[in-house]
């Protein structure tokens, strides 16, 4: 195992997570007024609802699939499904929701870059994060194509071992687990970790700002003024 492999896939995950947590805390504490997504829907609503819904539905299912697929031990899911069928399920569901997400993201990127009013209100980080997400999504879809060459689920097991060893604070074992996988998978993992680094400094922070407290607030009484 090379030193680069250990650095990128054994140590870098913890650096990325530390930057994400500390950076998010610092931004929320020091610059709360920048903690927003900066909606541009009022500037141009054409196609916005479809694009946003496609992207968010797709990305939520893709993230849920990654979380369950990578962090569920084989001893648990083998009671329900085999490794080979688990990979097939991941390819089909991930492909469907990945394409749904891709359509929505391409529509959002096109809107952000081609509409003069939206472009004028966009920061460099707004455009950058959309392009990074696009690259990450394309890499994810390419891994599905690459997976057709090994339908036994062997690579999926290695990636799951990497994720589980990382969570269990075993950087050396994690790096060794991912070492044999192909470049496409490694680029997808590396860029995914880099998104954690970018998270505190971009509009992605709105992901953890869902107004769930609305569900417990008191009803508002609105009276019409005559």
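In our numbering, the protein residues as written are 4 to 229.
All residues carry an ideal CB built from backbone N, CA and C; glycine is no exception.
Just so it is clear, the structure is predicted and the values come from calculations on it, not from any experiment.
By a C-beta neighbour count over all protein chains shown, 10 Å radius and 16 as the cutoff for buried, is residue i buried or exposed?
| i | result |
| --- | --- |
| residue 159 | buried |
| residue 6 | exposed |
| residue 65 | buried |
| residue 17 | exposed |
| residue 210 | exposed |
| residue 114 | buried |
| residue 37 | exposed |
| residue 184 | buried |
Residue j and residue i - do their beta-carbons sit closer together than 7 Å?
| i | j | result |
| --- | --- | --- |
| residue 203 | residue 52 | no |
| residue 57 | residue 103 | yes |
| residue 177 | residue 169 | yes |
| residue 200 | residue 19 | yes |
| residue 165 | residue 180 | yes |
| residue 80 | residue 196 | no |
| residue 190 | residue 142 | yes |
| residue 157 | residue 205 | no |
Contact check, residue i vs residue j under 8 Å by CB: the rounded distance?
| i | j | result |
| --- | --- | --- |
| residue 161 | residue 87 | Not a contact, Cβ separation roughly 15 Å. |
| residue 111 | residue 133 | 6 Å |
| residue 108 | residue 136 | 6 Å |
| residue 8 | residue 182 | 5 Å |
| residue 208 | residue 27 | 6 Å |
| residue 167 | residue 24 | Their Cβ separation, rounded to whole angstroms, is 20 Å, which puts residue 167 and residue 24 out of contact at 8 Å. |
Can you list, in chain order, the residues of its chain with a C-beta nearer than 6 Å to that of residue i? Leave out the 5 residues immediately preceding and following it.
| i | result |
| --- | --- |
| residue 194 | 139 |
| residue 55 | none |
| residue 22 | 200 |
| residue 146 | 187, 188, 191 |
Please go through the same chain and pick out, in chain order, the residues whose beta-carbon is closer than 7 Å to the beta-carbon of residue i, but skip the five residues on each side of it.
| i | result |
| --- | --- |
| residue 126 | none |
| residue 100 | 61, 64, 65 |
| residue 85 | none |
| residue 13 | 174, 175, 177, 178 |
| residue 198 | 135, 139 |
Just to confirm my understanding: we take residue i, look at its own chain, exclude 5 residues before and 5 after, and list those with CB closer than 8 Å. What are they?
| i | result |
| --- | --- |
| residue 72 | 89, 93, 159, 163 |
| residue 232 | No information on residue 232 is available, as it lies outside the stretch 4 to 229 that the chain covers here. |
| residue 171 | none |
| residue 116 | 122, 130 |
| residue 59 | 107 |
Using a threshold of 6 Å, is the CB atom of residue i nearer than that to any non-hydrogen atom of the ligand GDP?
| i | result |
| --- | --- |
| residue 129 | This structure lacks the ligand GDP; in fact it carries no ligand of any kind. |
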